[in-house]
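Residue numbers (this note's numbering), protein chains in the order written: chain Z, 1 to 196; chain B, 1001 to 1417.
Heads up, the beta-carbon is just placed ideally off N, CA and C, and yes, glycines get one too.
Note that this is a predicted model, so its numbers are computed, not measured.
A short write-up of the structure that comes next.
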Amino acid sequence: MLQIRIHGRGGQGVVTAAEMLSVAAFEQGRHAQAFPSFGSERTGAPVVAFCRIDDREIRLREPILAPDVLIVQDPTLLHQVDVFQGLQPDGYVLINSKRSFDELGLADIAARFRRERLITVPASEIALKHLGRPLPNAVLLGGFAALSGLVSLEAVAHAIREKFSGKVAQGNVDAASEAFEVVKNEMAELAHAQTD
Amino acid sequence: MLKQTEGSQAVAEAVALCRPEVICAYPISPQTHIVEGLGELVKSGTLKPCEFINVESEFAAMSVAIGASAAGARAYTATASQGLLFMAEAVFNASGLGLPIVMTVANRAIGAPINIWNDHSDSMSQRDCGWLQLFAENNQEALDLHIQAFRLGEELSMPVMVCMDGFILTHAYERIDMPSQADVDAFLPPYEPRQVLDPAEPVSIGAMVGPEAFMEVRYLAHAKQNQALLRIPQIADEFARRFGRASGGLVRPYRCEDAQTIVVALGSVIGTLKDTIDDLRAGGMKIGVLGIQSFRPFPLAAVRAALQGAKRVVVLEKSFCVGLGGIVSTDVRMALSGLQLHGYTVIAGLGGRAITKASLARTLTEAQSDKLQPLTFMDLDWPLVNRQLEREAKMRRSGPIAENLLRDVGSVASKVV
Chain Z
1 MLQIRIHGRG GQGVVTAAEM LSVAAFEQGR HAQAFPSFGS ERTGAPVVAF CRIDDREIRL
61 REPILAPDVL IVQDPTLLHQ VDVFQGLQPD GYVLINSKRS FDELGLADIA ARFRRERLIT
121 VPASEIALKH LGRPLPNAVL LGGFAALSGL VSLEAVAHAI REKFSGKVAQ GNVDAASEAF
181 EVVKNEMAEL AHAQTD
Chain B
1001 MLKQTEGSQA VAEAVALCRP EVICAYPISP QTHIVEGLGE LVKSGTLKPC EFINVESEFA
1061 AMSVAIGASA AGARAYTATA SQGLLFMAEA VFNASGLGLP IVMTVANRAI GAPINIWNDH
1121 SDSMSQRDCG WLQLFAENNQ EALDLHIQAF RLGEELSMPV MVCMDGFILT HAYERIDMPS
1181 QADVDAFLPP YEPRQVLDPA EPVSIGAMVG PEAFMEVRYL AHAKQNQALL RIPQIADEFA
1241 RRFGRASGGL VRPYRCEDAQ TIVVALGSVI GTLKDTIDDL RAGGMKIGVL GIQSFRPFPL
1301 AAVRAALQGA KRVVVLEKSF CVGLGGIVST DVRMALSGLQ LHGYTVIAGL GGRAITKASL
1361 ARTLTEAQSD KLQPLTFMDL DWPLVNRQLE REAKMRRSGP IAENLLRDVG SVASKVV
């Protein structure tokens, strides 16, 4: 079972991101469960949402305490919430930021986990370009598809189109596709750097 | 058709497939998405003929449902928590009058302290109101139970509550199989009322009944619940034949064969329990879980049959009778009268506290070696409780409890889960 935890702030579409991810996994024939951590419905308050993906029925209902994947939609949370809590040793981390892990002051974290699985992507900027609004949620799913290969970009695009329609859907699909490419390139650079 | 959707949306679509003619609702979390979904289906003309009535309160919601049902319409509403309490008088009237309304209760705690999260306090507070109460383990079962509830309620002319865990199910996206309209139509015939307010053939409904017949009317409600004990499994079987999956029924055992310890539970926690029990079984523990799908009528015989081979029974419940202990436990004990069994009550998950596999495994391992307290509060923060007790012992003006405890706990915003 793959367990994904998404951190963000109220208004950034954290819950929608988890839901779309579950739709993408379903689209690829898998079982998926998405649910929010409830209660923090104020704009700007820290929000967590969860997604589980498996090849069989998912019965477990506890919050995700030991995630395989962390998606952080707002880097300002890094100093407020222990987002890395419980992260599996070989886990993936995707952070919405223009800055690198080292620039974010996360060198310690980077040392504890597999470096090639830790990526930042300027999701807000990419969203702003395609949507006119800095909504990073769908963009990061495109990045996650590139980072992990655990869902395809096509399935993410399908999920976006199921949730949104018209220009908003297209803008999000374009933004997710760009994030996919950005992350692919970053990963290639990381791999290159590691071989050096 | 298989789809990945939110529990509330799935229930809304399933209710629409049942062709309700009147839907009245007042929004309250975590039920709101269900009636919003239905409102959209009515407004778009997908669900017709159907009158969607925005009412001014939950009391009005149930009152409108009563009027609609008495006029021969298939009536539906949904509520939770304080909303259910606010409609309580009308809830009793609906069952007293024998009107087959179907209502979703998106289970949520009751205040004070105000709390929007899940537990079973709300529907348990209406345990004795005369409605049938069915509990869903997952979203597939939640939507299936609504289809069965209209069938069952209308056959018996009794109202049915379908209880689904608020947020945990209502707000969860998961895979569900949505039946076709043709299959639902074949399973659920048009509503044929036993009593109807019709200007062409005037009757009155709701007479005052004195000592001469009140007990008999009450007994007849009980007789209907006894009939439901027979009909619930039959309807579930018929449902399984038509739709190809098991949903509903009275009780559902999981790995109870040869089990020395059986956990009894209601609702979505059964899923987490099944995963826990698989782990414990893999470690050699002989343990199983008995899910109760029908809480009212309470299936005494089925519960007894399922549990009598065990050495101990742990009732894990998201409800709490202050001053006694378990609510479900009391009923389970009645089912077990005369049997020599170790019995434990575990109160868990009140007000949305997460019920984790780790805590369940620890608690059930203690039960297996009979080290568990007869009444256990799983994951209770004892230092927090004791600090308040000390405060109260020390001074008269100790202040409001909830505020004191929140101050002691500190900020929760920085916590991950």
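{"Query": "Between 1052/B, 1279/B and 1126/B, which lies nearest to residue 1087/B when the distance is taken from Cα to Cα?", "Result": "1126/B"}
{"Query": "Of the residues 149/Z, 133/Z and 118/Z, which one's Cα is nearest the Cα of residue 91/Z?", "Result": "118/Z"}
{"Query": "What residue range does the alpha helix (DSSP H) around residue 1026/B cover?", "Result": "That residue, residue 1026/B, is in no alpha helix (DSSP H); it is neither H nor E in DSSP."}
{"Query": "So with CB distances below 7 Å, who are the chain B contacts of residue 31/Z?", "Result": "1175"}
{"Query": "Residue 1043/B to residue 1247/B, Cα distance in whole Å?", "Result": "30 Å"}
{"Query": "Buried or exposed for residue 1189/B, please, with buried defined as at least 16 other CB atoms from any protein chain shown within 10 angstroms of its CB.", "Result": "exposed"}
{"Query": "CB-CB under 6 Å to residue 121/Z, same chain, minus the five flanking residues each way: which ones, in chain order?", "Result": "143, 179, 182 and 183"}
{"Query": "Let me make sure I understand the geometry here. Which of 55/Z, 37/Z, 54/Z and 134/Z has the alpha-carbon closest to that of residue 65/Z?", "Result": "37/Z"}
{"Query": "If you pair each beta-carbon of the segment 1344-1360 of chain B with each one of the segment 1118-1135 of chain B, do three or more pairs fall below 8 Å?", "Result": "yes"}
{"Query": "Name the residue from 1234/B, 1069/B and 1165/B whose alpha carbon lies nearest to the alpha carbon of residue 1080/B.", "Result": "1165/B"}
{"Query": "Going along chain Z, which residues have a C-beta under 7 Å from residue 1274/B?", "Result": "59"}
{"Query": "Suppose only complete runs of 3+ residues qualify. What are the beta strand (DSSP E) ranges in the segment 110-179 of chain Z, listed by chain order?", "Result": "118-121"}
{"Query": "Go ahead and pull the three-state DSSP assignment for residue 1003/B.", "Result": "strand"}
{"Query": "Going along chain B in order, which residues have a C-beta closer than 8 Å to the C-beta of residue 23/Z?", "Result": "1004 and 1173"}
{"Query": "Using 9 Å as the threshold, is the C-beta distance between residue 1271/B and residue 58/Z below it?", "Result": "yes"}
{"Query": "Which of the three DSSP states is assigned to residue 1189/B in this structure?", "Result": "coil"}
{"Query": "What residues of chain B sit near residue 136/Z, judged by a beta carbon separation below 7 Å?", "Result": "Those do not exist, as residue 136/Z stays about 19 Å from chain B at its closest Cβ, beyond 7 Å."}
{"Query": "Tell me whether residue 1290/B is buried or exposed, calling it buried when 16 or more other Cβ atoms sit within 10 Å of its Cβ.", "Result": "buried"}
{"Query": "Around the Cβ of residue 1382/B, are there at least 16 other Cβ atoms within 10 angstroms (buried) or fewer (exposed)?", "Result": "exposed"}
{"Query": "Give the residues of chain B in contact with residue 62/Z, contact being defined as C-beta atoms less than 8 Å apart.", "Result": "1272, 1354, 1355, 1356 and 1357"}
{"Query": "Closest to residue 177/Z by CA distance: which of 165/Z, 162/Z, 164/Z and 155/Z is it?", "Result": "155/Z"}
{"Query": "Please give me, in chain order, every unbroken run of the beta strand (DSSP E) with length at least 3 that falls completely inside the segment 1127-1176 of chain B.", "Result": "1132-1135 and 1160-1165"}
{"Query": "Run down chain B in chain order and give the residues with a C-beta less than 7 Å from the C-beta of residue 26/Z.", "Result": "1004 and 1175"}
{"Query": "What residues from the segment 1155-1170 of chain B come within 7 Å of chain Z, judged by C-beta to C-beta, listed N to C?", "Result": "1167 and 1168"}
{"Query": "For residue 1268/B and chain Z, any beta-carbon pair shorter than 9 Å?", "Result": "yes"}
{"Query": "Residue 1115/B by DSSP, collapsed to three states: which one?", "Result": "coil"}
{"Query": "Counting beta carbon pairs with one atom in the segment 1045-1058 of chain B and one in the segment 1015-1024 of chain B, are three or more of them shorter than 8 Å?", "Result": "yes"}
{"Query": "Less than 7 Å between C-beta atoms, sequence neighbours within five positions excluded: which residues of the same chain meet that for residue 1377/B?", "Result": "1347"}
{"Query": "Bridge partners for residue 95/Z per DSSP, in chain order?", "Result": "72/Z and 120/Z"}
{"Query": "Could you round the C-beta distance between residue 1184/B and residue 1153/B to whole angstroms and report it? I think they count as a contact, below 8 Å.", "Result": "Not a contact, Cβ separation roughly 15 Å."}
{"Query": "Since residue 19/Z meets chain B, which of its residues come closer than 8 Å, beta carbon to beta carbon?", "Result": "1006 and 1173"}
{"Query": "Considering only C-alpha positions, which residue in the set 160/Z, 31/Z, 113/Z and 105/Z is nearest to residue 75/Z?", "Result": "105/Z"}
{"Query": "Determine, for residue 1107/B, whether the minimum Cβ-Cβ distance to residues of chain Z falls below 9 Å.", "Result": "no"}
{"Query": "When you compare only the Cα positions, how much space is there between residue 56/Z and residue 185/Z?", "Result": "33 Å"}
{"Query": "Taking the DSSP output, what are the residues bridged to residue 1103/B?", "Result": "1077/B and 1161/B"}
{"Query": "Please say whether residue 2/Z and residue 150/Z have beta carbons closer to each other than 9 Å?", "Result": "yes"}
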